Amino acid sequence: MNTKVIRIDEQHMDTALIEEAGSIIKAGGLVAFPTETVYGLGGDALNPQSSEKIYSAKGRPSDNPLIVHIADMEKLNAIVREVPENAWKLAERFWPGPLTMIFYKSELVPRETTGGLDTVAVRMPVHPVARALIRAAGGYVAAPSANRSGRPSPTVAKYVIEDMDGRIEMVIDGGDVEIGLESTIIDLTSEKPTILRPGYITEQKLAQVLGEVAQDRTMMCADSGQAPKAPGMKYRHYAPKGELTIVDGEEGCVVEYINTQIGQKKKDNKKTGVIGTDTSITQYQADVCRSVGNRNDEAEIARELYRVLREMDDENVEIIYAESFGTVGLGQAIMNRLLKAAGHRVVHI
Ligand code: AMP
Ligand code: MG
-17 MNTKVIRIDE QHMDTALIEE AGSIIKAGGL VAFPTETVYG LGGDALNPQS SEKIYSAKGR
43 PSDNPLIVHI ADMEKLNAIV REVPENAWKL AERFWPGPLT MIFYKSELVP RETTGGLDTV
103 AVRMPVHPVA RALIRAAGGY VAAPSANRSG RPSPTVAKYV IEDMDGRIEM VIDGGDVEIG
163 LESTIIDLTS EKPTILRPGY ITEQKLAQVL GEVAQDRTMM CADSGQAPKA PGMKYRHYAP
223 KGELTIVDGE EGCVVEYINT QIGQKKKDNK KTGVIGTDTS ITQYQADVCR SVGNRNDEAE
283 IARELYRVLR EMDDENVEII YAESFGTVGL GQAIMNRLLK AAGHRVVHI
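Numbering (my numbering), first residue to last: -17 to 331.
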């Protein structure tokens, strides 16, 4: 398949191009597009064949449910059994935006889209290109991140093309994304609203609207022994090709430990990399050293993390060490992704 790459500037949107992209999705094809979180791989959420195509383009197991994207609140009713009071409150505060809510699904949503579940995940993105595309595609776009399964999610079109060229009909290049981590997912079908995946909308912000919110116990640890709520939560995610270890501790000790390890790995002829921050990065002796930004600027770290993980792959780094981050606020989402990328390999010093 020949993948057409087009550039759409959100300030001056070319409506003819948006219509063309929408028609591809309506006809059962796939289009990758920018959102505020990461790039999405979009297909018609109500067409079971489209969902199957998404799974095969990504190489993703088909029991890992997709998120359905809408652009208008009036579209929600048709795909869910009911809209609970909490959903109205959350939508009023956080939609459009990086929050995904889980509802009981209506008959309209095929099980191919929900990975066989009786529930459906719904998000209303704020990115103007995403919103225009969803409307042009008929209103319901199933869209996981536009990466091959298991790889870091793409935050720039270059990495979408790297993973998807020849596998989908079109890629819309809309420049760099703003947030850089996937949406927060909250389950509204459980007894208490429960965060299944942390994201830009933090637990604290959700609690301001809902009062109490629970956290899925599998969220920050390797294996709680519990069956995951969503099948997708059991899969390894976000990983670079090299072996990644997180080193947690006081900055000076972390630098010393990592440099000692790197010395040994270099003797074994391994290509080494470090993911650090602006103040520490010059102190490392790895072959490839990358900063995710200012340690105090979590929004910047969130935006840079996947790009830096991909750059480790670009440089064919075999052994990677990353600094650790706090888990308050947005830090929780950052560490959730980093821990998954590292397969929960953490050294505390
Ligand atoms: P993404 O990888 O960004 O496409 O997000 C998909 C993830 O959303 C899945 O791996 C699940 O963790 C979650 N998800 C989607 N639909 C559901 C659902 N119906 N119930 C629970 N989690 C879901
Ligand atoms: Mg993904």
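Each residue gets a CB set at the ideal place from its N, CA and C atoms; glycine is no exception.
In this text the structure is predicted, and so the values were computed from the model without any measurement.
Counting only runs of 3+ residues, the beta strand (DSSP E) found wholly inside the region 52 to 97 occupies 81 to 86, in chain order. Exclusion of the five residues before and after E160 leaves E18 as the residues of its chain whose Cβ lies within less than 6 Å of its Cβ. Every unbroken stretch of the beta strand (DSSP E) spanning 3 or more residues and falling wholly within the region 154 to 205 is given here in chain order: 166 to 169 and 176 to 179. In its chain, beyond the 5 residues on either side, V191 have a beta carbon closer than 6 Å to the beta carbon of K71. Counting the other CB atoms within 10 Å of its CB gives L90 a total below 16, which places it among the exposed residues. Rounded to the nearest angstrom, the Cβ distance from L23 to P126 is 6 Å, consistent with a contact under 8 Å. DSSP places M(-17) in the coil class of the three-state scheme, outside both helix and strand.
Close CB contacts of E293 within its chain, under the 8 Å cut and outside five residues either way in sequence, are with V270 and R272 (chain order). Proximity of the region 130 to 142 to the region 102 to 116 falls short of the contact definition, fewer than three beta-carbon pairs being nearer than 8 Å.
Secondary structure at L28: coil, using DSSP grouped into helix, strand and coil. With 16 or more other Cβ atoms from the protein chains shown falling within 10 Å of its own Cβ, M106 counts as buried.
The straight-line gap separating the alpha-carbon atoms of L188 and R75 is approximately 9 Å. Contact annotation: the region 218 to 232 touches the region 320 to 330, with at least three C-beta pairs closer than 8 Å.
Across the structure, I154 and G234 are spaced so that their CA atoms are roughly 44 Å apart. The secondary-structure analysis by DSSP pairs H330 across a beta bridge with D230. Assigned with DSSP and collapsed to three states, E305 falls in strand.
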